[in-house]
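**Student:** One rule links them: number in our numbering = place in the sequence shown (from 1) + 53.
Before anything else, here's the structure in question.
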Amino acid sequence: MRKGLFLIERVAWMYYMEKYTQKEISNILGISRSKVVRALKEAEKLGIIMVRIKLRNEQYYPELERQFIEKFNLKDCVVIPFQEDNDPKFFPNVAAQYIEQLIEVEDVIGVAWGNTLREVFQYFNPPINLSKITVVQLLGGLAAGEPQMNPYDITRFFEGAKCVYLYAPAIVSCVETKKYLMKEPQIRRVFEMMLNVNKAFVGIGDLSQEASLLKAGFLSSDQMSLLLSKGAVGDIVGRFFDINGNLIDWEVNDRIIGITLPQFRNIPIRIGIARGKRKIRPILGALRGGHINILITDFHTASEVLKLASLL
């Protein structure tokens, strides 16, 4: 008998048939988590595990996803198929199912704002109890804006979790006001919690006339024109960047109450969710800048992003 075969078979049975997690198997058998992973890989190689996948939709794009992962050094990429019946619920539903599998006990999750983000979390139904999850607001809100422009609205989908709110506007009128607010213990506490975030979910904004930031009053038309003249293509957590992901230098950065882009990039898992023609350039900038390391988008958007990347 092959050396170690009994352990490989035991690990495979516990994982696939008894539904233990890799961590639970590690604890029960007294072996490292990495050894559990190696055993599962070996089981598949030896034919002990035979995987059969039955897709609900025949359109699946592993090669396209692989291109994104390799080209932009991503942890993962999810390209959701286009639906001929144009069902508006399909994309957010599939995206939500993927997100549900990422959530783990004791996660500290950061959230920002965004229309697509809100659409997705409306279908969020995690398989675990959220009582040991902490949700941290990464950016202030816009009290006069639309619901999708307030992180408060996103946090409500994490029912049962401990939510840490940033009770402040996303942007203030002057630097002195920001300095004053940052002295408040409650606000300082939120920024301290941001340093513990291990997973973040964000939308990727654009700079079109349909941009949510413009509609919500975060930007004026003059400010948008200024950003465009500086080469801005999009934003994440209210921080604007160019097509290569470089932060746009403008005075509003000093008046934003929220996580900075360098701080955001320190979060281990950063999931960006965006789709549509308006988001092609913003997605490319976000990827090139390393601002996100997991992308969720649709087939048409993904194809156009790669096409643009080959031209610029």
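Note that beta-carbon positions come from the ideal geometry of N, C-alpha and C, so glycine has one too.
By DSSP's criteria, lysine 253 is part of a beta bridge. Which residues make up the other side?
**Tutor:** A small correction: the amino acid at residue 253 is alanine; lysine does not occupy that position in the sequence shown. Bridge partners of alanine 253: Gly163, Arg323.
**Student:** Whole angstroms is fine: what's the gap from lysine 332's alpha carbon to aspartate 288's?
**Tutor:** Going from the Cα of lysine 332 to the Cα of aspartate 288 covers about 10 Å.
**Student:** Is the region 352–360 touching the region 276–283 in the sense that three or more CB pairs, one from each, lie closer than 8 Å?
**Tutor:** No, they do not touch.
**Student:** Quick check on leucine 117: does DSSP put it in helix, strand or coil?
**Tutor:** In this structure, leucine 117 counts as helix in the three-state DSSP scheme.
**Student:** Out of Gly193, Val189, Arg242, point me to the one whose CA is closest to threonine 208's CA.
**Tutor:** Here the closest residue by C-alpha is Val189.
**Student:** How far does the beta strand (DSSP E) with glycine 338 in it extend, from its first residue to its last?
**Tutor:** Here glycine 338 belongs to no beta strand (DSSP E); instead the alpha helix (DSSP H) covers 333–341.
**Student:** Just grab the DSSP bridge partners of glutamine 190 for me.
**Tutor:** Val164, per the DSSP bridge assignment.
**Student:** Under a three-way DSSP split, which group does aspartate 295 fall into?
**Tutor:** Correct three-state label for aspartate 295: coil.
**Student:** Compare the Cα-Cα distances from phenylalanine 144 to each of Glu172, Ile310, Ala165 and report the closest residue.
**Tutor:** For phenylalanine 144, the nearest C-alpha among the options comes from Glu172.
**Student:** Cα separation between leucine 365 and valine 132?
**Tutor:** Cα to Cα, the separation comes out at about 22 Å.
**Student:** Quick one: complete beta strand (DSSP E) runs, 3+ long, within the region 262–313?
**Tutor:** Runs found: 287–289, 292–294.
**Student:** I need the straight-line Cα distance from glutamate 243 to isoleucine 310, nearest angstrom please.
**Tutor:** The question names glutamate, but residue 243 is valine in the sequence shown. Going by the C-alpha atoms only, they are around 11 Å apart.
**Student:** What residues in its chain sit with their C-beta under 7 Å from that of alanine 221, if we drop five residues either side in the sequence?
**Tutor:** Once the five neighbours on either side are set aside, the close Cβ partners of alanine 221 are Gly193, Leu234, Ile240, Ile310.
**Student:** Determine the DSSP secondary structure at isoleucine 102, reduced to helix, strand or coil.
**Tutor:** Residue state, collapsed to three classes: coil.
**Student:** Measuring CB atoms only, is the region 88–108 touching the region 313–325, in the sense that at least three cross pairs come out at less than 8 Å?
**Tutor:** Because the criterion of three Cβ pairs below 8 Å is not met, the region 88–108 and the region 313–325 do not touch.
**Student:** Which term fits lysine 252, buried or exposed, when burial requires 16 or more other beta carbons within 10 angstroms of its beta carbon?
**Tutor:** Buried, since its Cβ has 16 or more Cβ neighbours within 10 Å.
**Student:** In the DSSP output, which residue or residues are listed as bridge partners for glycine 83?
**Tutor:** Bridge partners of glycine 83: none, in fact.
**Student:** When burial is assigned at 16 or more other CB atoms within 10 Å of the CB, is glycine 83 buried or exposed?
**Tutor:** By the neighbour-count rule (16 or more Cβ atoms within 10 Å), glycine 83 is not buried but exposed.
**Student:** Where does the unbroken beta strand (DSSP E) through leucine 348 begin, and where does it stop?
**Tutor:** It spans 347–351 - the beta strand (DSSP E) in which leucine 348 sits, taken as one unbroken run.
**Student:** Between isoleucine 324 and isoleucine 347, is the Cβ-Cβ spacing less than 8 Å?
**Tutor:** Yes; because the gap between Cβ atoms is below 8 Å, this pair is in contact.
**Student:** Whole angstroms are fine: how far does the CA of leucine 191 sit from the CA of methionine 246?
**Tutor:** Whole-angstrom Cα-Cα distance: 10 Å.
**Student:** For methionine 67, which residues from the same chain have a beta carbon less than 7 Å from its beta carbon, with the 5 sequence-adjacent residues on both sides left out?
**Tutor:** These residues qualify, in order along the chain: Tyr73, Ile78.
**Student:** What distance in whole Å lies between the Cβ atoms of isoleucine 186 and aspartate 206, which are believed to be in contact at a cut-off of 8 Å?
**Tutor:** In fact, because the Cβ distance is near 18 Å, the residues do not count as touching under 8 Å.
**Student:** Can you list, in chain order, the stretches of the alpha helix (DSSP H) that have 4 or more residues and sit fully within the region 122–160?
**Tutor:** List check, alpha helix (DSSP H) in window: 143–155.
**Student:** Using DSSP bridges, identify the partner residues of lysine 231.
**Tutor:** The partner list for lysine 231 (beta bridge, DSSP) is empty, contrary to what the question assumes.
**Student:** Can you tell which of Pro179, Ile296, Ile156, Pro134 has the C-alpha that lies nearest to the C-alpha of isoleucine 336?
**Tutor:** Measuring from the Cα of isoleucine 336, the nearest candidate turns out to be Ile296.
**Student:** Give me, in chain order, the residues of the same chain whose beta-carbon lies closer than 6 Å to that of isoleucine 61; leave out the 5 immediate sequence neighbours on both sides.
**Tutor:** Closer than 6 Å at Cβ, skipping near neighbours: Ala92, Glu95, Ala96.
**Student:** Using beta-carbon positions only, say whether alanine 148 and isoleucine 349 come within less than 8 Å of one another.
**Tutor:** For alanine 148 and isoleucine 349, yes; Cβs fall inside 8 Å.
**Student:** Cα separation between lysine 56 and arginine 86?
**Tutor:** Per-residue confidence for lysine 56 stands at a pLDDT of 48, beneath the threshold of 50, marking its modelled position as unreliable; the derived number appears in the next sentence. Near 19 Å, if we compare the C-alpha coordinates of arginine 86 and lysine 56.
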